[in-house]
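The sequence shown begins at 1 in UniProt numbering and counts up by one. Note that CB positions come from ideal geometry on N, CA and C, so glycine has one too. Report on one structure; see the data block that follows.
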Amino acid sequence: MSRPLSAYDRALLELERDILRMGDHVEASVAKALEALKQQDVVLARQVIEDDTLTDDWNYDIEERALELISLQQPLDKDLRILATVMRVGRELERIGDYAVNIAEIALRLAGQGPYFKPLVDIPRMSQLAQGMLRKSLEAFVTRKIETAKEVIASDDEVDRLFENLYEELVDYMKKGAQYVDQASYLALVARYLERVADHAVNIAEMVIFRETGVRRPSRAG
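Put into structure tokens, the structure is as follows:
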């Protein structure tokens with residue numbers, strides 16, 4: 001028969017559940033921002049921007065509760081790493097939410113400029129990969145599986161390759177004429193933001209490894 005959960009264990013579980021809720025919200029924000037960009041949907045773009053307050057509030061609440069647990073329980077070793085990971089993952093998710101807002105703001109700027117000069121293919125592909133990495137990093141967070149976290153880290157190379165190829169293509173368009181510069185420069189920014197989303201997913205995966213092993217690597221994105 002399993003022992004009843006202590007108040008501390010219940011508080012930890014609730015923090016982890018809130019991280020997952022926050023992660024679902026942030027992933028949805030990235031998806032909506034990309035849809036707003038593709039469809040030039042100003043209503044959806046504004047919704048993403050307005051919903052960012054939820055992400056900020058979640059992060060603040062999670063960090064405050066984690067700090068309170070540290071203050072009251074004074075955990076050591078693994079328990080301290082668990083709480084440090086919770087706070088760090090909350091901050092990573094908050095930064096991803098900021099990038100969703102950045103993309104939504106670009107969607108607003110480009111919405112009135114007419115059709116895109118080329119079909120948006122690579123950017124949605126980057127978004128799918130980055131969102132998949134985020135989803136898998138949160139899966140690793142829940143399941144505590146180091147191998148799943150390592151899969152996220154390995155996936156980052158493909159996102160980097162897509163970004164480099166797309167960036168070069170967009171620069172080539174800008175060189176062709178002034179009519180391409182505005183759209184191409186904004187789309188290059190979107191690609192950069194998606195690359196950063198993937199970097200933050202890698203940071204989450206690396207924090208999972210740190211939580212389980214005590215081994216930590218430097219983060220990839222600010």
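Which value, in whole angstroms, describes the spacing of the CA atoms of Thr148 and Ala178?
Rounded to whole angstroms, the separation of the alpha carbons of Ala178 and Thr148 is 45 Å.
Could you pull the start and end residues of the alpha helix (DSSP H) that Val121 belongs to?
For Val121, there is no enclosing alpha helix (DSSP H), as DSSP marks it with neither H nor E.
Tell whether a beta-carbon distance below 8 Å holds between Leu187 and Leu162.
Contact: no.
What is the DSSP secondary structure of Lys145, reduced to helix, strand or coil?
Three-state DSSP puts Lys145 in coil, outside helix and strand.
So is Val215 in contact with chain B if we call contact Cβ pairs under 8 Å?
Among the protein chains of the structure shown there is no chain B, as only one such chain exists.
Straight-line Cα distance separating Tyr180 from Glu68
As the crow flies, the alpha-carbon of Glu68 is around 52 Å from that of Tyr180.
Ser155 (DSSP reduced to helix, strand or coil)
The three-state reading of DSSP puts Ser155 in helix, counting H, G and I together.
For the candidate residues Asn165, Ile123, Ala130, Val48, whose alpha-carbon lies nearest to that of Val152?
Among Asn165, Ile123, Ala130, Val48, the Cα nearest to that of Val152 belongs to Ala130.
Hey, how far is the Cα of Ala107 from the Cα of Gln74?
Taking the straight line from one Cα to the other gives about 46 Å.
Would you mind sorting Lys136 into buried or exposed? The rule is 16 or more other CB atoms within 10 Å of its CB.
Result: buried.
Nearest to Ile103 (by Cα), restricted to the options Leu44, Pro115, Gly90, Leu54:
Closest option to Ile103, Cα to Cα, is Leu44.
First through last residue of the alpha helix (DSSP H) which encompasses Arg216
Unbroken run through Arg216: none, as it is neither H nor E.
Nearest to Lys118 by alpha carbon, out of Leu189, Arg88, Lys38?
Out of Leu189, Arg88, Lys38, Lys38 has the C-alpha closest to the C-alpha of Lys118.
What whole-angstrom Cβ distance do Phe210 and Arg81 have, given they're in contact under 8 Å?
Contact check for Phe210 and Arg81: beta-carbon distance about 6 Å, within the 8 Å limit, so the pair qualifies.
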